[in-house]
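J.: Quick one: this structure, given as structure tokens, is what I'll be asking you about.
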Amino acid sequence: SDVALELIYSICNPEKEPIGLAVYKEIDGGDHRFGSESKLIAQKNLGPVVLAYNATLEAIWQGKELAEREAEFQQSIGGSYELNRHFSVGAECVHEIAFPKWSRSEHPVISGGPNVSIHAGKWWATFTGLAQFTRAPDEPDFQLRAIAGYTF
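Just so you know, the sequence shown maps onto residues 97 to 248 in this note's numbering.
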């Protein structure tokens, strides 16, 4: 079984500053596995339109004595339109580059598609459907992602 710790720190609030910035850190581990993920998150609010960019670097060590290692760099950009204070719709594009054994990169994978967000009080959830544009054979042709959160 794995255990994970996720932290996010807001540097600038997009509601009060020209641009919002946050950093995210996740550390997870389990039997013969350790992972580290770091993100830089930028957000620009333009009235009902929200633009976002995420840059992510992930490293994984696994196997006996954690000898197997890999990394991935991911960028995502998206935009959404707030239909009302509880519901928004938009689109997202994701660019991923894997580095098996922390060496040369594999072919990049680019995916994109629509997203829907629901907000209820301090709770929120976003659902995204991503179709792969690059047709990389070892990657899924379609992904459905769901992310939920609570704002403290």
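We treat Cβ as the ideally placed atom computed from N, Cα and C, and that holds for glycine. Note that the coordinates shown come from a computational prediction; the quantities given were computed from them, not determined experimentally.
#1: What residue from 191, 121 and 186 has the CA that sits closest to residue 214's CA?
#2: Mind checking who residue 196 pairs with in its DSSP beta bridge?
#3: Between which two residues does the beta strand (DSSP E) containing residue 215 stretch?
#4: Taking the DSSP output, what are the residues bridged to residue 191?
#5: Rounded to a whole number of angstroms, what is the C-alpha to C-alpha distance between residue 176 and residue 140?
#6: When we look at the beta-carbon of residue 106 and count the other beta-carbons within 10 Å, is it buried (16 or more) or exposed?
#7: Taking residue 208 and residue 190 to be in contact with their CB atoms under 8 Å, please state how far apart those CB atoms are, rounded to whole angstroms.
#8: When the Cα of residue 138 is compared with those of 125, 183, 110 and 153, which residue comes out closest?
#9: Do residue 167 and residue 195 have their beta-carbon atoms positioned less than 8 Å apart in this structure?
#10: For residue 222, does the count of other Cβ atoms within 10 angstroms reach 16, so buried, or fall short, so exposed?
#11: Quick one: is residue 179 buried, meaning 16 or more other Cβ sit within 10 Å of its Cβ, or exposed?
T.: The structure says:
#1: 186
#2: 166
#3: 205 to 216
#4: 171 and 206
#5: 11 Å
#6: exposed
#7: 7 Å
#8: 110
#9: yes
#10: buried
#11: exposed
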